[in-house]
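The sequence shown maps to residues 384 to 828 in the working numbering.
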Amino acid sequence: MFNSLSDRLTTTFKNLRGKGRLSEADVDATIREIRRALLDADVALPVVRGFTGKVRERALSAEVSAALNPAQQIVKIVNDQLVEVLGGETRRLQFAKNPPTVIMLAGLQGAGKTTLAGKLGKYLAAEGHTPLLVASDLQRPNAVTQLQVVGERAGVPVYAPEPGNGIGDPIAVAEGGVRHAVEKQHDIVIVDTAGRLGIDEELMQQAADIRNAVTPDEVLFVIDAMIGQDAVRTAEAFADGVGFTGVVLSKLDGDARGGAALSVAEVTGKPVMFASTGENLGDFEPFHPDRMASRILDMGDVLTLIEQAEKAFDQDEAEKMAAKITSGEDFDLNDFLKQMASLRNMGSLKKMIAMMPGAASIREQLDNFDEREVDRVEAIVRSMTPAERTNPKLLNGSRRSRIARGSGVTVTDVNQLMERFGQAQKMMRQMRGGGGGMPGMGGMP
Ligand code: GDP
C-alpha cells in the first residue's frame, strides 16, 4: 500500500545522503519533495501542512546542523513525525473491569466490518479470550448469514436474532447479545452494526442508539483505506454522529495510496488500532505506529515478522529441528516439507518479504513473485518417496523424471530445486560450525 509514498521518500533521502552539511535551501528542497509525496499519497492538506511545518522546524535546528550525518538526522525526524501522525504509541484494546468487554464496530457499508468481526474474534480467541459476535446489522440482506459464516470460519460463536424474536430491531439484538454473553460467560462481545452507503442520518442515529444501549468499552470505526480523500470527511461524520475510541484501517493490502491512514488519526485525534490486510481471517494485525513508519521509510518491520514467526512455528518442532542441525545430522527433505508448512502458516511470502528492511529496492521482483512457486516446490517434494526425501543422493535421472511427471513440472525444475536444496544443506552445515543461527528459515526457496 504505501509503496509509492515509500519509494518517493526513500529517493528523496538518497539524494541527500552525499551531502555533508545541509543548507537551508537543501532542507527546503527536501521538504518540497516530502510535501509532494504526501499530497500524491492522498494525505489531507492540513495534515501535510502540519507535518512538513514540524519537519522543517526541526531540520533547521541545531539538532541537525550539529549532527555528524545530517541526512540521517532528517530521516529520523521524518520517522518521528510519521509515528506521531499515525497516533504515537501503540494503543491496545481496553478491557472492561467487569466482563464482558463490549466492542462495537461502526463504519460505511463495505468498509469491512463483518470481516473484521471475524478477524478480531479469531485474534482474541487465540489470545485466550472467549468472544461472542453479535449480528446487529439487520439492514443489509444476508448480513446476519455473512456474520454466521465468518463466525464459523473463525471458530467463534455468533448471536443472531431468531426469526420472530426481536427481528428488525438492531438495538434489541445488541442488548440481547450482551445478556447472552453474561449468561454464557463470554468475556468479550463484538457488535457488528449496519453500515451506510453514504453518511445517512437515520442509520447514524441507529448506531448512536446501539451505542447508548450497550455502552461499549470500545467503538471501533472501520475505514476502507482505498477511499482516499473521502476518508477524512467520513471519519469526521462518524466522530460527530456516533463517536469512536479507535480506528481500524481495512484493505491496506490494496494499491491505495495510504493517505487515509496518515490522515484519520491526526484529524480525529483517535488512534489507529488495527490493520486489515486481506480477505482471509488471518490478514489482520495490531497497528503499531512506529513499525508502520519504519515500513514506510523502508527500514522494515522485523518485530512483526518475528511475532508472526513465533505464532506460526511449532516451538517443539523448531527445537527438534535446531537440535538436529546442531547435532550434525543433515537437514533432509522431510524437514524441508515441515518448514514449508510453517512458512505457509505465516501467510503470504510476499507480505513477509515486504517487511524486510530494503524491500523497496526489490519491489519489482516482489511484484512479479508468484506465490504458486511455493506450491510447485511442495508438489515436487511430495512426489518423492520417503526414502528419497531422507537421502536425496538416490535421485538419479529416471527417478527425477518420474518425480517431474508426478508433480506436473519439468526435469529442469526438479534439478533446480535439488541444486538449491544442496546449497541450503551446505549453509546449514556452515551454520553448525558457527553455532546458533535462525532455526526455521533454512532451505527457504
Ligand atoms: P461491511 O459491509 O462493513 O460489513 O463489509 P464486509 O466485511 O462485508 O466487507 C466488504 C468486502 O470487502 C468483502 O468482499 C470483504 O471480503 C472485503 N474485505 C474486507 N476486509 C478486507 C481487506 O482487508 N482487504 C481486502 N482486500 N478486502 C477486504
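Glycine residues also receive a C-beta, built at the ideal position from the N, C-alpha and C atoms.
- Backbone secondary structure at Gly-511 - three-state DSSP: Counting from one through the sequence shown, the residue named residue 511 turns up at place 128. Reduced to three states, the DSSP call for Gly-511 is coil.
Per DSSP, which one or two residues make a beta bridge with Gly-629?
By one-based count along the sequence shown, residue 629 stands at place 246. Answer is Leu-603.
**Q.** Beta carbon of Val-447 nearer than 7 Å to that of Gly-504
**A.** Along the sequence shown, read from residue 1 onward, the residue named residue 447 stands at position 64. Along the sequence shown, read from residue 1 onward, the residue named residue 504 stands at position 121. No, they are not a contact pair.
- prompt: What are the complete beta strand (DSSP E) segments, minimum 3 residues, inside the region 759-789?
  reply: Restricted to the region 759-789, not a single beta strand (DSSP E) segment is unbroken, complete and at least 3 residues in length.
task = Kindly confirm or deny that the region 655-673 and the region 492-507 touch, where touching means at least three C-beta pairs closer than 8 Å.
result = yes
Which same chain residues, not among the five before or five after Thr-513, have their C-beta less than 8 Å away from its C-beta?
Position 130 of the sequence shown, counted from the start, is the residue given in the question as residue 513. Closer than 8 Å at the Cβ level, and outside the excluded window around Thr-513, lie Gln-568, His-569, Asp-570 and Ile-571.
At what residues does the alpha helix (DSSP H) containing Ile-736 begin and finish? Taking the sequence shown and counting its residues from 1, the one referred to as residue 736 is at position 353. Segment 732-736, the alpha helix (DSSP H) holding Ile-736.
CA-to-CA distance, Ala-427 to Thr-628, given in whole angstroms = The residue you call residue 628 lines up with position 245 of the sequence shown. The residue you call residue 427 lines up with position 44 of the sequence shown. Answer to the nearest angstrom: the Cα atoms are 21 Å apart.
- prompt: For the region 720-739 against the region 751-770, are there 3 or more C-beta pairs whose distance is under 8 Å?
  reply: The region 751-770 and the region 720-739 touch, with three or more beta-carbon pairs separated by less than 8 Å.
Q. Are the region 474-490 and the region 591-605 touching by the rule of at least three beta carbon pairs closer than 8 Å?
A. yes
| said: Less than 6 Å separating the Cβ of Thr-345 from some heavy atom of the ligand GDP? | reply: Here the chain covers residues 384 to 828 and nothing more, so residue 345 does not appear.
Exercise for the section: Pick helix, strand or coil for Gly-549, following the three-state DSSP scheme. Expected result: In the sequence shown, the residue the question calls residue 549 occupies position 166. Because Gly-549 sits at a pLDDT of 46, beneath the cut-off of 50, its placement in the model cannot be relied upon, and the following sentence gives the value as read from the coordinates. Residue state, collapsed to three classes: coil.
Residues near Asp-390 by beta carbon distance below 8 Å, same chain, minus five either side: For the purposes of this step, residue 390 is identified with residue 7 of the sequence shown, where counting begins at 1. Closer than 8 Å at Cβ, skipping near neighbours: Ala-743 and Arg-746.
Less than 6 Å separating the Cβ of Ala-658 from some heavy atom of the ligand GDP? Locating residue 658 in the sequence shown gives position 275, where the first residue counts as 1. Checking every heavy atom of the ligand GDP against the Cβ of Ala-658, none is found closer than 6 Å.
Start and end residues, beta strand (DSSP E) containing Glu-668: Indexing the sequence shown from 1 puts residue 668 at position 285. 667-669 is the span of the beta strand (DSSP E), which, as asked, contains Glu-668.
6 Å CB neighbourhood of Leu-580 in its chain, flanking five on each side removed: Translated into the one-based positions of the sequence shown, residue 580 becomes position 197. Answer for Leu-580: Gln-492, listed in chain order.
What is the rounded straight-line gap between the Cα of Ala-643 and the Cα of Gly-403? The sequence position of residue 643 within the sequence shown is 260, counting from 1. The sequence position of residue 403 within the sequence shown is 20, counting from 1. Distance between the alpha carbons of Ala-643 and Gly-403: 36 Å.
query: Under a three-way DSSP split, which group does Ser-519 fall into?
result: As a working note, residue 519 is residue 136 in the sequence shown. If DSSP states are grouped into helix, strand and coil, Ser-519 belongs with the strands.
* **Reference Glu-566; option with closest CA among Ala-509, Gln-455, Met-656 and Pro-483** => Looking up residue 566 in the sequence shown gives position 183. That would be Pro-483, whose Cα lies nearest to the Cα of Glu-566.
Mapping DSSP to helix, strand and coil, what is Leu-488?
Translated into the one-based positions of the sequence shown, residue 488 becomes position 105. Three-state DSSP puts Leu-488 in a strand.
Requested in this report: Could you name the residues of the same chain whose beta carbon sits closer than 7 Å to that of Ile-736, not counting the 5 residues immediately before and after it, in chain order?
Outcome: Reading the sequence shown from its first residue, position 353 is the one you call residue 736. Answer for Ile-736: Ala-742 and Leu-749, listed in chain order.
Leu-469 versus Ala-622: straight-line alpha-carbon distance, rounded:
By 1-based counting over the sequence shown, the position of residue 469 is 86. By 1-based counting over the sequence shown, the position of residue 622 is 239. Cα-Cα distance, rounded: 17 Å.
*Just to confirm, are Thr-687 and Arg-674 a CB contact at a threshold of 7 Å?*
Stepping through the sequence shown from its first residue, residue 687 is reached at position 304. Stepping through the sequence shown from its first residue, residue 674 is reached at position 291. Thr-687 is a Cβ neighbour of Arg-674, given a cutoff of 7 Å.
The alpha helix (DSSP H) that contains Thr-576, what's its start and end? Here residue 576 is taken as the residue at index 193 of the sequence shown, counted from 1. First-last for Thr-576: 571-576, but that is the beta strand (DSSP E), not the alpha helix (DSSP H).
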